[in-house]
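**Q** Residue numbers (the numbering used here): 43 to 604. Each residue gets a CB set at the ideal place from its N, CA and C atoms; glycine is no exception. Owing to the predicted nature of the structure, the values given are computational and were not obtained by experimental measurement. Below you will find the structure I want to go over with you.
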Amino acid sequence: MSHQVLALKYRPSSFDKLIGQESITQTLSLALNQDRLSHAYLFSGLRGSGKTSTARIFAKALVCDQGPSSTPCEVCEHCLSANENRHIDIIEMDAASNRGIDDIRELIESTKYKPTSARFKIFIIDEVHMLTTQAFNALLKTLEEPPSYVKFILATTDPLKLPATILSRAQHFRFKQIKQSDVVNHLCHILNLENIEYEKDALEMLSRAGNGSLRDTLTLLDQSIIFSKGYITPENVATMLGLLDPNQLETIFTAILSGNKSEMLHLIKELESYECEIIIDELIAYLKNAFFAQDRRFSTLLYERFFKILSESKSLLYINANNGFVLSLIFFKMIEATNIKTIEEMIDSLENEKFRLPTSHPKPEAAQSVETPTLEQPAEAVEEVLPVQDQGVTSAMLFARLCDKLLDRNAELGECFKNHIRFVSFEETQLTLTSNAEGEASKTLNTYYSIIKHFVQELFGLETKIKINKIQTPPIEPQPEPSFEPNYEAQMSEAELSANDESSSMMESLEFEDESQSESCATGAMMAGKKEIDAKEVLNTPFVQRATELFDPQKIQIRQKV
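Written out as C-alpha cells, the structure reads:
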C-alpha cells in the first residue's frame, strides 16, 4: 500500500474527532438530533481549521440511513461512499476554478432534480469568496429559497469578500484558531499510533510554526519525521525550519540580562545565517512562555520594553533594512532597557541621595597627622563631621558654603542671613541654628525661607530638618564720635584704652547704681535727678573734644563719678 500523508490519513470522519471546534460541533450535532436544519450554512476561518472536514461530516450525517443523526452509522452504503468521496448526491465544487456565471447556472440547473439515492442533495462550495459578482447574483435566489431536498454548505477563508446578501441567507459558523496545546496533544496521539519517538519540545516548535493550522502542522510533522530519521528532537526541528535552538535562546537572554556586550557581538555573528523576522518571532515566543511560567528574571515592565523593541524592529524590515544591523539594534537596545530605572526607583534614589562636596584628596602626611580623639580629650574638642563620604568636610564648612550660596542668590537675603543666623550643630539630619533677627530682618528671612530650605537640603541632604532657636540680643547703637571724659584721663589704664576688634564699633550702655551721690560735685548733682546721662552732652564738651584730638582713642567709657 502506498504511503499516505498524515493530514489525509488522520482526517476526522466524525464530530467527536474534530480538534478545537467544540462550539461548532455541538451546534451542528444538536441541529441534526433535533431536526432543526437550515437550507444553507457558511463555514469561515483559518486554513486548516476543519471547515471542509466539518462540511463532509455534516453531509454524511444528513444522508446516513440512520439519520439525520450526529453519529452516522459508518456501515451503510451512504456512509461508506461519503467516506470515499464518491457519493453521487454530495457534490463538491471548487469555486476557485469554477467561479464564473456559467458554472453557477449548471449548479442551479442540477438543483431542479431530486437526489438519486439519498434524502438530500448537498452542494459543498469551497473557497466561495472566489466567485465573481455575476455568479453571486445568479446564486442569490436559489440560495434563499432552494428546494426542500437541497442543502448548501459554503466554505471560505475570507468571509469579508462575500456580499452581504449571501451572508444574510446562510447560518454563519466561524472556525477559530486551534489552540497550541490541542495541536500538540493531537500530534502526540498520531506519533504514538505511528510508533515514532519524539520530544514534546519539538512538537511545540512544530505547533508554533503551524500558526494554529492543523493541516499545516501535520505537513511539517511529515517533513520532520523524514528529516529526523524516526526520532524528532528540538535541535532537528530547529535546523529543519531555520528556527533558533532553545539553548541558543537561553544563551541570548542570559547575555542580555547580564549586559555582556562582547558575548552578544559573538552571538550576532552566529545568527547572520537566520532570517531576522524568524529570530524576532522566536524571541517573542520565548518571552511569552517566560511570562506564563512567571520567570523571576523578567519584570512586567521589562516584558513591555522588550516587546516594544521587537515590534518596532519589524517595521525596519519592511523598509528593506539590513538584517544584521536590525538584529544588532534589537539586542543592544534590549541591554540598555535593562538599565533604565522605573519612576519609583528614580524617586527612591533621589530621596536617598546625599550631596557630596568635591574636595581635593588630602596629602598622605596630613592624613597621618590626624589624631583620633582619646578618652583624655574632651568631647567638645572633637570637631563635628558631616556624615558624607568626602573626608575633611565639616558642618561648619558647609554652613559657610550655605552663606555664600545665599549671598550669590540674593544679596539682601545673604547679608541678613549672615548677620542674624549662627550655626550651632548638625546631628542626625537636624540642623540647629540660632537667630536674633527682628523686625525687617525677620520678615526677610521668612519671605525667603523656601530658598534657604532648598540650599540647606542641597548641602546637608534631602532629609535635613531645620531647627531655629530664637535669642535676644541687646540693641546695637550707632558708633559715637570719639570723645573723652574729663578728669578721668589720669585714672584710665592702658588696657581700657586698647582696641577691641570685636566691639570696636559698639558703645556700651550706661547703667548707674542707686547709691546716693555727693552734693558737692556738679556731676553728682546732675545725677541726682535722673539715672542716665545723655552721652552726647558729655562728648560734646570742649575738654573731651580736645582730649580726643590729642589721644585718638578707639574706645571711650563714661562712668559715674563717686
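Is Gln63 buried or exposed, if buried means 16 or more other CB atoms sit within 10 Å of its CB?
**A** That one is buried.
**Q** So, helix, strand or coil for Ser477, using DSSP?
**A** strand
**Q** Go through its chain and collect everything with a Cβ distance to Cys318's Cβ below 7 Å, but skip five positions before and after it.
**A** Leu359, Asn365, Val368 and Leu369
**Q** Please say whether Ile146 and Leu182 have beta carbons closer to each other than 7 Å?
**A** no
**Q** So Ile508 packs on Leu473, CB below 8 Å; how close in whole Å?
**A** Indeed they touch by this definition, with Cβ atoms about 5 Å apart.
**Q** Does the Cβ-Cβ distance between Ile298 and Ile351 come in under 7 Å?
**A** no
**Q** Which residue's Cα is closest to the Cα of Asp323: Phe348, Phe334 and His308?
**A** Phe348
**Q** What are the residues that DSSP puts in a beta bridge with Arg216?
**A** Ser86
**Q** So, at 7 Å on beta carbons, what are the nonlocal neighbours of Ala532 in its own chain, with the 5 sequence-adjacent residues on each side left out?
**A** Here the model assigns Ala532 a pLDDT of 38, short of 50, so the residue's position is not dependable and the matter cannot be decided.
**Q** Buried or exposed, going by whether 16 or more other CB atoms sit within 10 Å of the CB of Lys383?
**A** exposed
**Q** Report, in whole angstroms, the separation of the C-beta atoms of Phe57 and Phe215, which I expect to be a contact under 8 Å.
**A** Not confirmed; about 13 Å, so no contact.
**Q** Report all residues from its chain with a CB closer than 6 Å to the CB of Pro54; omit the five preceding and five following residues, and keep chain order.
**A** Leu60 and Ser95
**Q** From the DSSP output, which residues share a beta bridge with Lys193?
**A** Ile164
**Q** Quick one: what does DSSP say Phe340 is sitting in, helix, strand or coil?
**A** coil
**Q** Kindly indicate which three-state DSSP category Val279 falls into: helix, strand or coil?
**A** helix
**Q** Going by DSSP, which residues form a beta bridge with Phe373?
**A** In DSSP, Phe373 forms no bridge with anything.
**Q** According to the neighbour-count rule (16 or more other Cβ atoms, all chains shown, within 10 Å of its Cβ), is Ala137 buried or exposed?
**A** buried
**Q** Let me check understanding here. Comparing Cα to Cα, which of Gln222, Thr158, Gly90 and Glu169 lies closest to Asn331?
**A** Gln222
**Q** Give every residue of the same chain whose Cβ lies closer than 6 Å to the Cβ of Ile150, excluding the five residues on either side of it in the sequence, and list them in chain order.
**A** Thr184
**Q** Bridge partners for Tyr155 per DSSP, in chain order?
**A** The partner list for Tyr155 (beta bridge, DSSP) is empty, contrary to what the question assumes.
**Q** List, from N- to C-terminal side, the alpha helix (DSSP H) runs of 4 residues or more that fit wholly inside the region 217–246.
**A** 222–236
**Q** Can you give the beta carbon distance from Leu260 to Ala49, rounded, assuming they're within the 8 Å contact cut?
**A** 4 Å
**Q** Select from Leu309, Ala177 and Glu241 the residue whose C-alpha is nearest the C-alpha of Leu204.
**A** Ala177
**Q** Under 7 Å between the Cβ atoms of Ile294 and Leu307?
**A** no
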